[in-house]
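S.K.: Chains L, A, X and V supply the protein sequences, listed in that same order.
Heads up: the first sequence begins at 314 in the working numbering, then just goes up one per residue.
Heads up: the second sequence begins at 314 in the working numbering, then just goes up one per residue.
Heads up: the third sequence begins at 557 in the working numbering, then just goes up one per residue.
Heads up: the fourth sequence begins at 557 in the working numbering, then just goes up one per residue.
Just so you know, even glycine gets a beta-carbon here, dropped at the ideal spot from N, CA and C.
In this text the structure is predicted, and so the values were computed from the model without any measurement.
The structure under discussion is supplied below as structure tokens; questions concerning it will follow.
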Amino acid sequence: MSEREPGFTPNEMMTIAASRALKNEDVCFVGIGAPSAACNVARLTHAPDITLIYESGTIGTAPQVLPLSIGDGELCDTAVTTVSVPEMFRYWLQGGRISIGFLGAAQLDKFGNINTTVIGDYLHPKTRLPGGGGAPEIATSSKEIYITMAQSKRGMVETIDFYTSFGHGEGGDHRKRLGIETSGPTLLITDLAIWKPDLDTKEFTVVSLHPGVSRAEVQATCGWTVKFTDALEETPAPTALELKTLRDLQARTKAAHAGTGKEKAA
Amino acid sequence: MSEREPGFTPNEMMTIAASRALKNEDVCFVGIGAPSAACNVARLTHAPDITLIYESGTIGTAPQVLPLSIGDGELCDTAVTTVSVPEMFRYWLQGGRISIGFLGAAQLDKFGNINTTVIGDYLHPKTRLPGGGGAPEIATSSKEIYITMAQSKRGMVETIDFYTSFGHGEGGDHRKRLGIETSGPTLLITDLAIWKPDLDTKEFTVVSLHPGVSRAEVQATCGWTVKFTDALEETPAPTALELKTLRDLQARTKAAHAGTGKEKAA
Amino acid sequence: MVKFLPLSEAVAGNLNDGDTVAFEGFTHLIPTAAAHEAIRQGFGELTLIRMTPDLVYDQMIGMGMARKIVFSYLGNPGVGLLRRARDAIENGFPRPIEVEEHSHAGMANAYEAGAAGLPCAMFRGYRGAGLAAVNPNIKTVSCPFTGEVLAAVPAIRPDVTFIHAQKADRKGNVLVEGIIGIQKEAVLAAKRAVVTVEEVVDSFDELHPNLTVLPSWTISAISVVPGGSHPSYTHGYYIRDNAAYLEWDEISADREKFQAWMQANVIEKTAADFAARVEHLRTAA
Amino acid sequence: MVKFLPLSEAVAGNLNDGDTVAFEGFTHLIPTAAAHEAIRQGFGELTLIRMTPDLVYDQMIGMGMARKIVFSYLGNPGVGLLRRARDAIENGFPRPIEVEEHSHAGMANAYEAGAAGLPCAMFRGYRGAGLAAVNPNIKTVSCPFTGEVLAAVPAIRPDVTFIHAQKADRKGNVLVEGIIGIQKEAVLAAKRAVVTVEEVVDSFDELHPNLTVLPSWTISAISVVPGGSHPSYTHGYYIRDNAAYLEWDEISADREKFQAWMQANVIEKTAADFAARVEHLRTAA
């Protein structure tokens, strides 16, 4: 057993659980809103050679601080190469070179379909969200999709308002019926649990509860009726190394970005 | 009147007449087999800012010696930028940025159609020539096409064996009927004369004879019945500067390429 | 041929009411100074094209200059929503605005097709995505060899594109480096292109041959505007002003605060004011 | 993951009889050493793909290794015809060979589509050109917005691509610079890729960020072969051996002379012999 740290937040657990899912050989497309913290913790711990790609064109980046946007200079400075945006989407994403597309979500349903476009009707939205960015094609061109988000009844809903990116649609073989050959969402990591799609129905099912989290808590923060696997596990708590790596990364990030200051009054 | 040089060869006259047709603002695509000598004489005399593009990806080159191939290092060393071959054909040629496409020909007909593919039947050729390279799209994407070749009955024929690149087809509005919006061949410069297409029929017509060349000589080295314009002119002989520029360029080229030598015996 | 002009002349000579215009930049090299000049000159009825509209389009929309926006990510990068754009879309304030929404892949391919002189782009996209149902400019073509159905979008061909770049040489060739985004395609796809640069250098002779250089004859006008991409950044010159992006979230949340800020920071300022804004952000190069 | 291997092992491990293979290079960086190793190992029934087949394909065809060739310019660059290829096409010697012929634009777009994971490429091409009538792999698609009829060709997807490049770093990333041609696309379009390099350097940390670097995980094997592109050239290392191209015109004109030359210069040699061939061509870098 590795050494455990007694105190950690649900968000830290989420980021660290996500980082553990990434392998050294992965080529990871870190899309808008995705936790690049998880990808970089993986790179700084068990997956030093993981390839991180940001849609701004930076391939094989190793940022010392977390970028605030997908186009920060730090990503370019530490990349193996930086290519144009059309090349990124044509050769690298559509070319089938991405093993893991890592997406966040404003609204998520139990089949891994994601909405980051609008709350309400598309033409007359209640809230206009930023939209999909790279997500529609990340969701279908990456070999697998990992999703990470903090649980809430507003975020995890029975029916999303808009299909920004396609997960398993109505479940089952819906992807295949649309001619999509990639696996789609294979992992959901929240601040409370780890979820995987049922092999047949493709409905996200809780396979592991984070330490100290109850089934009731998971259900209370989710808008659909949650299924739990029979062989429910407990997520190993963050190790001291994992927590230190994440916290150091966030501290470095905060220090670096504080340095920019705001425009001085004229 | 500029000073004239008494002695010059028909090939020198051809190259210099071709160079005069190029303007300082032209963006010239120098294709396989085309006389880059003409383009570079233009650049070294009256058109210092002419943009020369070779299909290897070199844009705005200013070689000190003539390249032996379209991919010589000299072209890259002196270029404003060097891009990939797909970009060259997509953004620069197909993008409509080329004012003059400069083509040579193994076989040419009176409508500016060119064959550099086969002599004889395509499937069972008598002579397999190199083929078109960039020419099929240079011929249709460049705003205008200039052709230059030494006259011969074998080269200038009534009917070419293969349409490597399309000129005016069967003449008249044939280009327009195929949906080609560019002008096609607007100038033919041989070692004996300058030709332009008739406005209606698009048949190449001699508009200027090089100094000392007779109508009979032009007809004797051409496989079709030659038409001459009523207002036939005489091509001004090369100036001393033009001849010196061409000869110096060729001398520099010879010296540079002689330097490479052949592989030493083991 | 390219002209070196003061920014006010470059904008006045190349932008018109009703134009389809792209101010491009992918987080890096956003042409803020050019956008502010366009705001000062008060153009209207513009169709604004950009993958990541960002603060400058939030400002133009807030000022009522746009009749339509074409985009793929309508966010304040690293912060959240664009509140003036939201107000226009949700409430029609200060005027209703037409929306044409794509994915990044759709926009990138459409710019690429524009640069390549094609009428449309073809790619594997929008499968199962809601945009295909709400955007009539997303159609399909079938591969004539495999029968695979692919997405098609019309090429983007702006009347004019504005970008910011590191430097020009005296002949008017322009170097873009770092995160190069979609800028080359946006320039080559446009009828006219205006570039603001940090500086002009004698020659590019010593540059590596494979860098992203736009030849002078692909550009209409160049204006020297140091700091011209603030609060975005220019790789090798100054870093991103992250605080300004956070601050924008507050300013843009309130209609009056927005107007006051625009008056003080855009209308009453000039392109020359950008240099001072990046002084504290300059990197040790 | 990429492996650093002797060239003989890299070729043996990645090329098979019957493969569709591309040895790419556009005048510059032609992978001659890799092609000669393939000749020594005696593969057969290959489909050879290349925009500009050049000497190495003339040699493979002359040795009877190819059942088909896909190309857009079948010449000895700067010299004239390829005489072994002619003999195969005109006379079926040493064996008949199938021909699939495109334009440069067709091939470039087909490689690009291969790199982009598309089934086909679409472009404005082949209008009025004879190839459209003799090559069944040239079809059309219609733009769903304008109705314009465009050319379509299938994507090129080689089983294996061989290229030559300037250098690799110790992690196996590869730098290609100068006239970069179609090499990046040829590598990304292929199932496997083998790269010969002039040298291995510790790191690429100091490289400009926008150069053409192929990440290590896009490459199967790297072999260090100084001089490996002779008689072509490697920008920054040695210049083109123009005399060798002229000489080839004579050698290849005669079937026996060809066989004798191949025996002496390819079959009885190894990759290690390339370094000496470029000694007198090295540039003062």
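1) Closest to leucine 744(V) by CA distance: which of Leu357(L), Ser349(L), Ile411(L) and Pro380(L) is it?
2) Report the rounded CA-to-CA distance for leucine 561(X) versus isoleucine 427(L), giving the unit in angstroms.
3) For proline 675(X) and glutamate 704(V), which I take to be in contact (beta-carbon distance under 8 Å), what is that distance rounded to the nearest angstrom?
4) Which residue spans inside the segment 329-384 of chain A form an unbroken beta strand (DSSP E) run of at least 3?
5) What does the Cβ neighbour count give for aspartate 440(A), buried or exposed, with the cut at 16 atoms within 10 Å?
6) Going by C-alpha distance, which of Val526(A), Gln420(A) and Pro524(A) is nearest threonine 477(A)?
7) Does any C-beta atom of chain C lie closer than 8 Å to the C-beta of proline 714(X)?
8) Look at aspartate 504(L) and glutamine 464(L) and say whether their C-beta atoms are less than 8 Å apart.
9) Looking only at its own chain, which residues have a Cβ that is under 7 Å from the Cβ of proline 609(V), when we skip the five neighbours before and after it?
10) Pick helix, strand or coil for glutamine 464(L), following the three-state DSSP scheme.
11) Can you list the residues of chain X that threonine 364(A) reaches, using a CB-CB cut of under 8 Å?
12) Could you give the DSSP three-state label for methionine 678(V): helix, strand or coil?
13) Along the chain, where does the alpha helix (DSSP H) that runs through glutamate 755(V) open and close?
14) Return the first residue and the last residue of the alpha helix (DSSP H) that histidine 570(L) is part of.
15) What does DSSP give as the partner residue(s) for proline 510(A) in the beta ladder?
16) Looking at chain L, which residues of the segment 727-745 of chain X have a Cβ within less than 8 Å of any of its Cβ atoms?
17) Can at least three beta-carbon pairs, one atom from the segment 549-560 of chain A and one from the segment 365-384 of chain A, be found at a separation below 8 Å?
18) Put asparagine 324(A) into one of helix, strand or coil per three-state DSSP.
19) Examine chain A for any beta-carbon lying closer than 8 Å to the beta-carbon of leucine 837(X), and answer yes or no.
20) Would glycine 414(A) and alanine 375(A) be called neighbours here (beta carbons separated by less than 8 Å)?
21) Name the chain A residues that come within less than 9 Å of tyrosine 667(V), Cβ to Cβ?
22) Is the beta carbon of phenylalanine 582(X) sitting closer than 8 Å to the one on phenylalanine 718(X)?
23) Starting from phenylalanine 718(V) and walking both ways along the alpha helix (DSSP H), at which residues does that stretch end?
24) For alanine 800(V), count the other beta carbons within 10 Å of its own beta carbon; 16 or more makes it buried, fewer makes it exposed. Which is it?
25) What do you get for leucine 512(A), buried or exposed, if any count of 16 or more other CB atoms within 10 angstroms of its CB means buried?
26) Can you check whether the C-beta of phenylalanine 701(X) is within less than 8 Å of a C-beta belonging to chain V?
27) Kindly provide the ranges of any beta strand (DSSP E) runs that are 3 or more residues long and lie completely inside the segment 571-616 of chain X, ordered along the chain.
28) Out of Glu668(X), Ala672(X) and Glu657(X), which has the shortest C-alpha to C-alpha gap to tyrosine 435(L)?
29) Check whether the segment 478-497 of chain L and the segment 514-525 of chain L are in contact - that is, three or more C-beta pairs closer than 8 Å.
30) How far does the alpha helix (DSSP H) with valine 743(V) in it reach, from first residue to last?
31) To the nearest angstrom, how far is the alpha carbon of valine 340(A) from that of lysine 740(V)?
32) Is the distance from the Cβ of isoleucine 795(X) to the Cβ of threonine 768(X) below 8 Å?
33) With which residues is glutamate 530(A) paired in a DSSP beta bridge?
34) What span of residues does the beta strand (DSSP E) with glycine 446(A) cover, start to end?
35) For proline 498(L), which three-state DSSP category applies?
36) Rounded to whole angstroms, what is the Cα-Cα separation between valine 730(V) and isoleucine 329(L)?
M.R.: In brief:
1) Ranking Leu357(L), Ser349(L), Ile411(L) and Pro380(L) by CA distance to the CA of leucine 744(V) puts Ile411(L) first.
2) Rounded to the nearest whole angstrom, the CA to CA distance from leucine 561(X) to isoleucine 427(L) is 47 Å.
3) In this structure proline 675(X) touches glutamate 704(V) by the C-beta definition: roughly 5 Å separates them, less than 8 Å.
4) When DSSP assignments are scanned along the segment 329-384 of chain A, the uninterrupted stretches of beta strand (DSSP E) that are 3 or more residues long and fall wholly within it turn out to be 340-343 and 364-367.
5) Inspection of the sequence shows that residue 440(A) is occupied by threonine rather than by aspartate. Counting the other Cβ atoms within 10 Å of the Cβ of threonine 440(A) gives fewer than 16, which makes it exposed.
6) When each option's Cα is compared against that of threonine 477(A), the closest is Gln420(A).
7) Absent from the structure: chain C. Protein chains present are L, A, X and V.
8) For aspartate 504(L) and glutamine 464(L), yes; Cβs fall inside 8 Å.
9) Ile625, Phe627, Leu630, Leu638 and Ala641, listed in sequence order.
10) Reduced to three states, the DSSP call for glutamine 464(L) is coil.
11) Here the neighbours are Pro771 and Trp773.
12) The three-state reading of DSSP puts methionine 678(V) in strand, counting E and B together.
13) Residue range 748-757 is occupied by the beta strand (DSSP E) that includes glutamate 755(V), with no alpha helix (DSSP H) assigned at that position.
14) If you look at histidine 570(L), you'll find it in the alpha helix (DSSP H) that goes 553-571.
15) Paired residue(s): Phe517(A).
16) Of all residues in the segment 727-745 of chain X, Gly734, Ile735, Ile736, Gly737, Ile738, Lys740 and Glu741 have a Cβ within less than 8 Å of some Cβ in chain L.
17) These segments do not touch.
18) DSSP places asparagine 324(A) within a helical segment (H, G or I) once states are collapsed to three.
19) Contact of leucine 837(X) with chain A is not assigned, every C-beta pair being separated by 8 Å or more.
20) No, the pair does not count as a contact, with Cβ atoms beyond the cut-off.
21) Going along chain A in sequence order, the residues near tyrosine 667(V) (Cβ under 9 Å) are Val398 and Pro399.
22) Contact flag unset, no.
23) Under the DSSP assignment, phenylalanine 718(V) falls outside any alpha helix (DSSP H), being part of the beta strand (DSSP E) whose first and last residues are 716-725.
24) Flag for alanine 800(V) reads buried.
25) With fewer than 16 other Cβ atoms within 10 Å, it is exposed.
26) Using a Cβ-Cβ cut-off of 8 Å, phenylalanine 701(X) counts as an interface residue toward chain V, since at least one Cβ of chain V sits closer than that to its own.
27) Runs of the beta strand (DSSP E) inside the segment 571-616 of chain X: 576-579 and 602-605.
28) Measuring from the Cα of tyrosine 435(L), the nearest candidate turns out to be Glu657(X).
29) Flag = yes, the segment 478-497 of chain L and the segment 514-525 of chain L touch.
30) That run of the alpha helix (DSSP H) goes 739-745.
31) Going from the Cα of valine 340(A) to the Cα of lysine 740(V) covers about 27 Å.
32) No.
33) Paired residues: none, contrary to the question.
34) Per DSSP, glycine 446(A) belongs to no beta strand (DSSP E) and is neither H nor E.
35) Proline 498(L) falls in the strand class under three-state DSSP.
36) Looking at the two C-alpha atoms, the distance is approximately 33 Å.
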